[in-house]
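Position one of the sequence shown corresponds to residue 1 (the UniProt record's numbering), numbered consecutively onward.
Every residue gets a Cβ at the ideal spot worked out from N, C-alpha and C, and that includes glycine.
Since the structure comes first, as structure tokens, the remarks are kept for the end.
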Amino acid sequence: MKKLWQKLIKPSSKYPIIALVLVGIGITLAGTFVVHKGFELTSSIEFCTSCHTMEQNYEEYKQTVHFKNASGVQAICTDCHQPKDFPGKVFRKLEAAKDLYHHFITGKIDTPEKFEDHRLEMAQKVWERMSSQNSKTCKSCHSYDNMDHSKQSAKAAFEMKKAAAEDLNCIECHKGIAHELPNMAGGFQKDFQALQATANSQGANAEVLYSLGEKDLYAVADPNSKADGKLLPASQVKVLERKDNMLKVQIDGWLEKAGKGRVMTEYLGKRVFKATIRGDVKATEKLIEEKTDSATDIVWQHVSVEAWITAEDMIDDIQPIWNYAKTMYGSTCNACHAAPDPAHFTANGWISGLNAMSAYYRLSKTEERTLLKYLQNHGKDTGGAGAH
Numbered sequence: 001m002k003k004l005w006q007k008l009i010k011p012s013s014k015y016p017i018i019a020l021v022l023v024g025i026g027i028t029l030a031g032t033f034v035v036h037k038g039f040e041l042t043s044s045i046e047f048c049t050s051c052h053t054m055e056q057n058y059e060e061y062k063q064t065v066h067f068k069n070a071s072g073v074q075a076i077c078t079d080c081h082q083p084k085d086f087p088g089k090v091f092r093k094l095e096a097a098k099d100l101y102h103h104f105i106t107g108k109i110d111t112p113e114k115f116e117d118h119r120l121e122m123a124q125k126v127w128e129r130m131s132s133q134n135s136k137t138c139k140s141c142h143s144y145d146n147m148d149h150s151k152q153s154a155k156a157a158f159e160m161k162k163a164a165a166e167d168l169n170c171i172e173c174h175k176g177i178a179h180e181l182p183n184m185a186g187g188f189q190k191d192f193q194a195l196q197a198t199a200n201s202q203g204a205n206a207e208v209l210y211s212l213g214e215k216d217l218y219a220v221a222d223p224n225s226k227a228d229g230k231l232l233p234a235s236q237v238k239v240l241e242r243k244d245n246m247l248k249v250q251i252d253g254w255l256e257k258a259g260k261g262r263v264m265t266e267y268l269g270k271r272v273f274k275a276t277i278r279g280d281v282k283a284t285e286k287l288i289e290e291k292t293d294s295a296t297d298i299v300w301q302h303v304s305v306e307a308w309i310t311a312e313d314m315i316d317d318i319q320p321i322w323n324y325a326k327t328m329y330g331s332t333c334n335a336c337h338a339a340p341d342p343a344h345f346t347a348n349g350w351i352s353g354l355n356a357m358s359a360y361y362r363l364s365k366t367e368e369r370t371l372l373k374y375l376q377n378h379g380k381d382t383g384g385a386g387a388h
């Protein structure tokens, strides 16, 4: 000990070692203070909203229960976006520096309009980060174990019990809880444009093709003639003849014998719509077989018809269409809550299931029909998600 003490107090060329240690301690304490104050400053609402592109987000947040509520407990930006542990804080600050870089250096999000253009991209990154952390910032306040389900609504209690049993990520069901949801259509609409480009490059040369959207059916090879029906999205046809930009196709499907015989379905007894037919197109109808649905005692006829369609937007593989529809499903139905697996409902059950949610998403009629077709073809009674 004596020798160690002598080394500590023995002067170096200029200063005693103990003086250097004290200086080091002082620098460490000063650094710790600076880091602490830096975290304190950069974790305030004032700092987070100091960029004008954050003003809209702040106004959205002010309308939520996290800003003002009966208990007066407020969750600020960092409560949701910054982990409580020190390594997590440091890593999040480094990540956040990218936002400053894109605001001040690249100008990628330096206006509200540019921010809105990239809102979906940024939101998806936040959701992915929260998901990878098992929503630990949310669960630092909201604990499954401490929830009193008797004080929740019946529906909330039912959902929260299921979520607790699976230790579900909060972000799976609570996207848009503090900010407006971005326009979720950007991703899958780009996928559709890519599908159209693929279809155009293929030139509809395959013998079996699938429709990307709705297409008019004609009795003759003239797109200016009267349409006698429609081919619906994601429907299979067999090419019989080609003439200029027109295709003569065979469409197979099922019709109710007792009905008007205008709506063709993919399967017997299941309302998975394939085409509507009338007039001269219906006149080409040929009966393949007749069967009775054992569940309903309704007689169905398996038929084929022939019609002409234009060649554009026809692709030689159904799987890219299902991939596009799956992305659409994730972008719309998964935007607010954890959407059920397609195999959760039957093909007919998905009609009412999707219709019940129609007020909460913004899809065109063609997009909605494609999404429904995907869900029905991957339903409980059509083989499930792995069957197509």
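| Query | Result |
| --- | --- |
| Which residue from A154, A204 and Q124 puts its Cα closest to that of G176? | Q124 |
| Between L372 and C77, what straight-line distance do the alpha-carbon atoms span, to the nearest angstrom? | 38 Å |
| Is the distance from the Cβ of L240 to the Cβ of E306 below 8 Å? | yes |
| How should residue 452 be labelled, buried or exposed, when 16 other C-beta atoms within 10 angstroms of its C-beta is the threshold for buried? | What is shown of the chain runs 1 to 388, which leaves residue 452 out entirely. |
| Below 8 Å on the Cβ atoms is my guess for L217 versus D316; work out the distance and round it to an integer in Å. | Wrong, their Cβ atoms sit about 20 Å apart, outside the cutoff. |
| Near F345, what residues of its chain come up, given a Cβ to Cβ distance below 8 Å and the 5 sequence neighbours on each side ignored? | G353, L375, G379 and K380 |
| Pick helix, strand or coil for L212, following the three-state DSSP scheme. | coil |
| Using C-beta distances below 6 Å, list every residue in its chain close to A387, excluding the 5 sequence neighbours before and after it, in chain order. | Summary for A387: the model assigns pLDDT 49, below 50, so the residue's position carries little reliability; its value from the coordinates is reported in the next sentence. Closer than 6 Å at the Cβ level, and outside the excluded window around A387, lies no residue. |
| Examine the Cβ distances between the segment 154-172 and the segment 281-297 and report whether three or more of them are shorter than 8 Å. | no |
| Spatial neighbours of G72 within its chain, please: CB distance less than 8 Å, with the 5 preceding and 5 following residues excluded, ordered by chain position. | none |
| Measure the CB-CB distance between E266 and M328 and report whether it falls below 8 Å. | no |
| Whole angstroms is fine: what's the gap from R278's alpha carbon to D228's? | 5 Å |
| Mind checking M54: buried by the 16 CB within 10 Å criterion, or exposed? | buried |
| Label S235 either buried or exposed according to how many other C-beta atoms from any shown protein chain fall within 10 Å of its C-beta, with 16 as the threshold for buried. | buried |
| From A385 to T106, what does the alpha carbon distance come to, in whole angstroms? | Bear in mind that the predicted position of A385 carries a pLDDT of just 48, short of 50, making it too unreliable to give a figure here. |
| Using a Cβ-Cβ cutoff of less than 7 Å, which residues in the same chain neighbour F47 once the five nearest sequence positions on both sides are dropped? | L41 |
| So, with DSSP's three-state summary, where would you put H302? | strand |
| Could you check what DSSP says for V23 in three-state terms: helix, strand or coil? | helix |
| Distance check for R362 and S225, CA to CA, integer angstroms please. | 33 Å |
| My parser needs the alpha helix (DSSP H) runs of 4 or more residues fully inside the segment 337-380; what are they? | 349-356 and 365-377 |
| If I follow the unbroken beta strand (DSSP E) through E256, where does it start and stop? | M246 to E256 |
| Identify every run of the alpha helix (DSSP H) within the segment 92-155, keeping only runs that are complete inside it and at least 4 residues long; order them along the chain. | 112-117, 119-132 and 136-139 |
| Going by DSSP in three states, H388 sits in which element: helix, strand or coil? | Low confidence applies to H388: its pLDDT is 47, below 50, so where it sits in the model is not reliable, and the reading given next is rough at best. Coil. |
| Helix, strand or coil: how does DSSP classify A295 here? | coil |
| Is V237 helix, strand or coil by DSSP? | strand |
| Measure from the alpha carbon of M246 to the alpha carbon of each residue in A221, C51, E121 and G349, then state which is nearest. | A221 |
| Under the three-state reduction of DSSP, which class applies to G72: helix, strand or coil? | coil |
| By how many angstroms is the C-alpha of G269 removed from the C-alpha of A347? | 10 Å |
| What is the DSSP secondary structure of L231, reduced to helix, strand or coil? | strand |
| Suppose only complete runs of 4+ residues qualify. What are the alpha helix (DSSP H) ranges in the segment 157-222, listed by chain order? | 185-202 |
| Strictly by DSSP, which residues pair up with W308? | Y218 and K248 |
| Where does I288 fall in DSSP's three states? | strand |
| Would you call G253 buried or exposed, if buried means 16 or more other Cβ atoms sit within 10 Å of its Cβ? | buried |
| Could you check where the beta strand (DSSP E) with A275 kicks off and where it finishes? | K270 to I277 |
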